[in-house]
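Student: Note that the sequence shown covers residues 59 to 691 in this note's numbering.
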Amino acid sequence: MTRPIARLSDEEIVLYNCRHSRELTSAAPCRTGTASFGKGICFVLRTHTCGELRAGHAGQTVTLAGWVDKYRDHAGLVFVDLRDRYGKTQVKFSLADNSEAQEFARGLRYEDVIQVTGTVVERPADMHNPKISTGEIELKATELRILNKSKTPPFEPDTTALPNEELRLKHRFLDLRRPALQESIILRHRLTKIVRDYFDENNFLEIETPILGRSTPEGARDYLVPSRVNPGTFYALPQSPQLYKQILMVAGFDRYVQIARCFRDEDLRADRQPEFTQIDVEMAFVTREDILRTIDGLIARLVKDLQGKEMKLPLPRYSHAEVMERFGTDKPDLRFGMELKDVADIASGCGFGVFKSTIEKGGRVRGLKVDQAAEKYSRKNIDELTEFVKNYGAQGLAFFRVKSATELDSPIAKFFSTDDQSKLISRLEAKAGDLLFFVADTPKVTSAALAALRNRLAKELKLYDPSEINVAWVLDFPMYAWNDEEQRWEAEHHPFCQPVEEDIPLFDTDPGKIRAQSYDLVCNGYEAASGSVRIYDPAVQQRVFNFIGITPEDAETRFGFLLEALRFGAPPHAGIALGLDRWVMMFGGSDNIRDVIAFPKTQKASDLLTGAPAEVDAKQLHDLQIKVDLPAK
Ligand code: ASP
């Protein structure tokens with residue numbers, strides 16, 4: 059009996075299980091009503107979960123099933139930590155309780171799947187394990203059934219030294235067993251459920267819209283699907299349900315919501331995936347105010363149900379112009395201050411050529427103050443920051459250490475009179491020990507560079523609590539942006555946004571100044587939702603299409619069905635979409651979007667688990683009448 063057992067062979071397991079099949083196929087005793095299993099459901103293979111047993115269960119005979127998380131063999135005793143998605147339970151096999159089961163338990167290895175029946179025993183008080191929910195007890199095993207054995211896993215789910223992500227994505231079924239990922243997928247479920255409940259309670263209907271449809275103009279590249287029945291034609295996977303949801307408003311479903319999958323063929327960044335999920339909302343007979351209040355309510359509900367905190371409503375609102383001025387970005391992280399300040403008046407009269415000439419050329423000089431950081435950043439650190447802002451187009455980064463209320467210290471301080479130095483200090487509301495940074499460039503570059511610098515400094519200096527959810531609205535985006543490359547105006551959001559009424563005359567004079575009745579929700583520096591009041595008058599819609607270079611013929615071909623719907627009594631309507639993946643990331647405190655999606659894709663848009671995208675059979679291509687003509691490898 060004390061022969062050391064290596065990993066069990068299939069034959070051994072079959073023989074052993076056969077001998078014990080009568081006792082172990084069904085769990086004993088069968089009961090109902092456990093908290094984690096759901097009420098009234100009785101299960102055959104286990105009586106409890108691995109996260110459920112407490113001191114109060116001591117003396118009961120129970121059956122657990124799960125994966126071998128850890129195993130230890132101590133002269134005559136085998137300890138196995140059994141894991142399922144609810145937690146871990148320590149199981150003890152001893153010679154005295156069942157010598158054959160103990161012998162077999164010695165052959166268990168990581169990730170084998172077993173079923174164990176035994177008696178719950180309370181551990182002595184000083185042996186409680188506070189790290190696990192079942193730490194008060196252990197299970198004294200009397201029976202063991204090996205349900206399946208596992209190959210040696212390339213990494214163990216409870217490892218702290220995570221292997222590279224590629225290996226984890228390839229073995230996603232193991233990666234998903236990691237408690238952190240399990241929590242994240244469970245959080246995603248809970249968040250989605252709260253969203254559905256909230257909208258249901260407010261009379262919204264969840265309506266599915268097609269995946270195989272027509273191209274929608276969200277500005278990204280479409281994923282196309284060839285039609286076999288109509289050779290030479292293609293469906294586009296939805297970049298969003300935008301057009302369908304507007305048509306649902308025309309159809310009279312005045313409150314629509316959908317947890318909608320969207321597809322955009324873009325170059326991927328850390329927080330993007332080619333397919334992602336939106337909480338897609340549209341309402342009829344509403345104004346912007348109604349949408350903002352509806353979403354305020356949703357956010358407050360999520361914060362309450364997921365974090366137990368009260369969110370102060372209404373959520374703060376800023377205009378686009380204001381956040382661009384104060385933070386340099388339309389998605390400011392508002393968990394910390396460090397606002398940008400304009401010093402054009404001081405720069406234009408100073409002796410520092412770079413500042414002066416920038417203002418003369420119509421550029422801007424703006425800066426920010428970092429509280430008490432003068433000694434925290436060495437010259438070498440500042441050189442790194444200078445390289446960093448160059449990524450955002452800046453030519454350089456001027457810096458000053460504040461010595462007193464009137465004196466600056468910097469290699470360029472000599473170009474600033476005492477008066478200018480005091481003025482800079484008071485404009486930035488600085489005091490001795492603070493560090494000031496300035497960028498002199500075009501308005502766009504000063505915004506981009508300082509906004510990025512602001513985020514980086516706040517992260518380095520830990521200026522915010524990473525668990526805080528800080529949400530605010532950004533309103534009145536410009537309707538159009540000038541595309542220099544293509545020499546034309548294009549819609550900032552999408553071409554269905556209603557312009558602000560009083561700005562409509564600007565179409566003929568200063569289109570860049572037209573504001574859209576659009577809104578973004580920003581959360582911790584991310585764009586977490588985006589939407590607008592829609593155009594519901596076909597003539598205005600046609601005018602907007604014309605303006606951005608979509609000819610009437612083009613509009614008719616691409617969006618004729620929408621224009622036609624608008625001609626049949628379209629109610630005023632407005633909507634919004636919230637990025638579900640991002641909200642899960644923010645509530646879960648993760649900065650990797652792949653952590654909140656069960657089967658995500660890599661930066662190269664491939665699924666390492668299944669190998670998608672993959673080549674297809676010649677026959678499939680033939681049926682689709684498609685020829686693939688690739689350059690020779
Ligand atoms: N369809 C828009 C988007 O995906 C959201 C909206 O305007 O409702 O960005």
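Glycine is no exception: its CB is placed at the ideal position from the N, C-alpha and C atoms.
Every value quoted in this text rests on a predicted model; they were computed, and no experiment measured them.
Nearest-angstrom Cα distance between glycine 290 and isoleucine 684?
Tutor: Reading the sequence shown from its first residue, position 232 is the one you call residue 290. Reading the sequence shown from its first residue, position 626 is the one you call residue 684. Rounded to whole angstroms, the separation of the alpha carbons of isoleucine 684 and glycine 290 is 8 Å.
Student: Hey, glutamate 276 and serine 298 are a contact pair by Cβ (cut 8 Å); roughly how many whole angstroms apart?
Tutor: On the sequence shown, residue 276 is found 218 positions in, with the first residue counted as 1. On the sequence shown, residue 298 is found 240 positions in, with the first residue counted as 1. Indeed, because the Cβ distance is near 5 Å, the residues count as touching under 8 Å.
Student: Please indicate yes or no: does the CB of glycine 633 lie closer than 8 Å to some heavy atom of the ligand ASP?
Tutor: By one-based count along the sequence shown, residue 633 stands at place 575. Yes, the ligand ASP has a heavy atom inside 8 Å of this Cβ.
Student: Using the three-state DSSP reduction, which class does leucine 249 fall into: helix, strand or coil?
Tutor: One-based indexing of the sequence shown puts residue 249 at position 191. Three-state result, leucine 249: helix.
Student: Residues in the same chain with beta-carbon distance under 6 Å from asparagine 156, minus the five sequence neighbours each way, listed in chain order, please.
Tutor: Residue numbering aside, residue 156 sits at position 98 when the sequence shown is read from its first letter. Closer than 6 Å at the Cβ level, and outside the excluded window around asparagine 156, lie Thr200.
Student: With DSSP as the reference, label proline 557 as helix, strand or coil.
Tutor: One-based indexing of the sequence shown puts residue 557 at position 499. Proline 557 falls in the strand class under three-state DSSP.
Student: Helix, strand or coil for lysine 228 per DSSP?
Tutor: Within the sequence shown, the letter at position 170 stands for residue 228. In the three-state DSSP reduction, lysine 228 falls in the helix class (H, G or I).
Student: In terms of alpha-carbon separation, which member of Pro501, Phe496, Gln336 and Tyr281 lies closest to leucine 249?
Tutor: One-based indexing of the sequence shown puts residue 249 at position 191. Nearest C-alpha to leucine 249: Gln336.
Student: Could you pull the DSSP bridge partners for alanine 635 from this structure?
Tutor: As a first step, residue 635 must be located in the sequence shown, where it is residue number 577. Under the DSSP definition of a beta bridge, alanine 635 partners with Asp338 and Ser588.
Student: Per the contact definition of three or more C-beta pairs closer than 8 Å, is the segment 482 to 499 in contact with the segment 525 to 544?
Tutor: Contact between the segment 525 to 544 and the segment 482 to 499 is absent, because fewer than three Cβ pairs lie under 8 Å.
Student: Is there at least one non-hydrogen atom of the ligand ASP closer than 8 Å to the beta-carbon of serine 590?
Tutor: Taking the first residue of the sequence shown as position 1, residue 590 is located at position 532. Taking the Cβ of serine 590 as the reference point, at least one heavy atom of the ligand ASP falls within a distance shorter than 8 Å.
Student: Determine the contact status of leucine 205 and isoleucine 172, defining contact as a CB-CB distance below 9 Å.
Tutor: The residue given as residue 205 occupies position 147 in the sequence shown. The residue given as residue 172 occupies position 114 in the sequence shown. In this structure, isoleucine 172 lies closer than 9 Å to leucine 205 by Cβ.
Student: Would you check if the segment 339 to 346 and the segment 623 to 638 touch, i.e. whether three or more CB-CB distances between them fall below 8 Å?
Tutor: yes
Student: Would a C-beta distance cut-off of 9 Å place phenylalanine 626 and leucine 301 closer than the cut-off?
Tutor: Taking the first residue of the sequence shown as 1, we reach residue 626 at position 568. Taking the first residue of the sequence shown as 1, we reach residue 301 at position 243. No, Cβ-Cβ distance for phenylalanine 626 and leucine 301 is not below 9 Å.
Student: So the candidates are Phe151, Glu69, Asp323 and Asp258; which of them puts its Cα closest to the Cα of alanine 663?
Tutor: The count along the sequence shown starts at 1 and reaches residue 663 at position 605. Nearest of Phe151, Glu69, Asp323 and Asp258 to alanine 663, Cα basis: Asp323.
Student: Among all the DSSP beta bridges, which residues are the ones paired with arginine 573?
Tutor: On the sequence shown, position 515 is the one that residue 573 refers to. Arginine 573 pairs with Pro536.
Student: Taking the alpha carbon of aspartate 258 as the point to measure from, which residue in Val381, Asp325, Val339 and Glu194 has its own alpha carbon closest?
Tutor: Numbered from 1 along the sequence shown, position 200 holds the residue referred to as residue 258. Per the Cα distances, Val339.
Student: From proline 503 to proline 332, what does the alpha carbon distance come to, in whole angstroms?
Tutor: As a position in the sequence shown, residue 503 is number 445, starting the count at 1. As a position in the sequence shown, residue 332 is number 274, starting the count at 1. Note that residue 503 is valine in the sequence shown, not proline. About 29 Å.
Student: Out of Glu161, His229 and Lys209, point me to the one whose CA is closest to glycine 669's CA.
Tutor: What you label residue 669 is simply residue 611 of the sequence shown in a count that begins at 1. It is His229 whose Cα lies nearest to the Cα of glycine 669.
Student: Start and end of the beta strand (DSSP E) containing serine 462?
Tutor: Mapped onto the sequence shown, residue 462 falls at position 404. Per DSSP, serine 462 belongs to the beta strand (DSSP E) from 456 to 462.
Student: Kindly identify the DSSP beta-bridge partner or partners of valine 126.
Tutor: For the purposes of this step, residue 126 is taken as residue 68 along the sequence shown, with counting starting at 1. Answer is Leu140.
Student: How is threonine 267 classed by DSSP in three states: helix, strand or coil?
Tutor: In the sequence shown, counting from the first residue as 1, residue 267 sits at position 209. Note: threonine 267 maps to coil in three-state DSSP.
Student: Taking leucine 392 as the reference, give the member of Phe458, Val532 and Leu239 with the closest Cα.
Tutor: Numbered from 1 along the sequence shown, position 334 holds the residue referred to as residue 392. With distances taken between Cα atoms, leucine 392 lies closest to Val532.
Student: Between aspartate 477 and threonine 464, what straight-line distance do the alpha-carbon atoms span, to the nearest angstrom?
Tutor: Taking the sequence shown and counting its residues from 1, the one referred to as residue 477 is at position 419. Taking the sequence shown and counting its residues from 1, the one referred to as residue 464 is at position 406. One C-alpha to the other measures close to 8 Å.
Student: State the CB to CB distance for the pair phenylalanine 394 and leucine 521, rounded to an integer number of angstroms; the pair is presumed to be in contact (CB under 8 Å).
Tutor: Against the sequence shown, residue 394 aligns to sequence position 336. Against the sequence shown, residue 521 aligns to sequence position 463. Correct: roughly 4 Å between the Cβ atoms.
Student: Residue range of the alpha helix (DSSP H) that glutamate 518 falls in?
Tutor: Within the sequence shown, numbered from 1, the residue matching residue 518 stands at position 460. From DSSP, the alpha helix (DSSP H) with glutamate 518 extends over 501 to 518.
Student: What three-state label does DSSP hand glycine 76 in the structure shown?
Tutor: For this step, residue 76 is matched to residue 18 along the sequence shown. Sequence check: residue 76 is cysteine here, not glycine. Looking at cysteine 76 - three-state DSSP - the assignment turns out to be helix.
Student: Quick check on DSSP: helix, strand or coil for isoleucine 562?
Tutor: Sequence index remark: in the sequence shown, residue 562 carries index 504 (1-based). Reduced to three states, the DSSP call for isoleucine 562 is helix.
Student: Alpha carbon to alpha carbon, what distance is there between alanine 509 and arginine 694?
Tutor: There is simply no residue 694 to check, as the chain begins at 59 and stops at 691 in what is shown.
Student: When you compare the CB positions of valine 138 and valine 126, do they come within less than 9 Å of one another, or not?
Tutor: If you number the sequence shown from 1, residue 138 lands on position 80. If you number the sequence shown from 1, residue 126 lands on position 68. A contact, by the Cβ cut-off of 9 Å.
Student: How far does the beta strand (DSSP E) with threonine 387 in it reach, from first residue to last?
Tutor: Reading the sequence shown from its first residue, position 329 is the one you call residue 387. That residue, threonine 387, is in no beta strand (DSSP E); it is neither H nor E in DSSP.
Student: Near threonine 274, what residues of its chain come up, given a Cβ to Cβ distance below 7 Å and the 5 sequence neighbours on each side ignored?
Tutor: Here residue 274 is taken as the residue at index 216 of the sequence shown, counted from 1. Pro296, Gln297, Ser298, Gln300 and Leu301.
Student: State yes or no: is the C-beta of glutamine 661 within less than 9 Å of the C-beta of leucine 225?
Tutor: In the sequence shown, the residue the question calls residue 661 occupies position 603. In the sequence shown, the residue the question calls residue 225 occupies position 167. No, the Cβ-Cβ distance between glutamine 661 and leucine 225 is not below 9 Å.
Student: Buried or exposed: aspartate 388, going by 16 or more other Cβ atoms within 10 Å of its Cβ?
Tutor: The residue you call residue 388 lines up with position 330 of the sequence shown. Buried.
Student: Apply the 10 Å Cβ neighbour rule to glutamate 368 and answer buried if 16 or more other Cβ atoms are within range, or exposed otherwise.
Tutor: Against the sequence shown, residue 368 aligns to sequence position 310. That one is exposed.
Student: Within this structure, are the beta carbons of serine 208 and glutamate 110 separated by less than 9 Å?
Tutor: For the purposes of this step, residue 208 is taken as the residue at position 150 of the sequence shown. For the purposes of this step, residue 110 is taken as the residue at position 52 of the sequence shown. Cβ atoms of serine 208 and glutamate 110: not closer than 9 Å.
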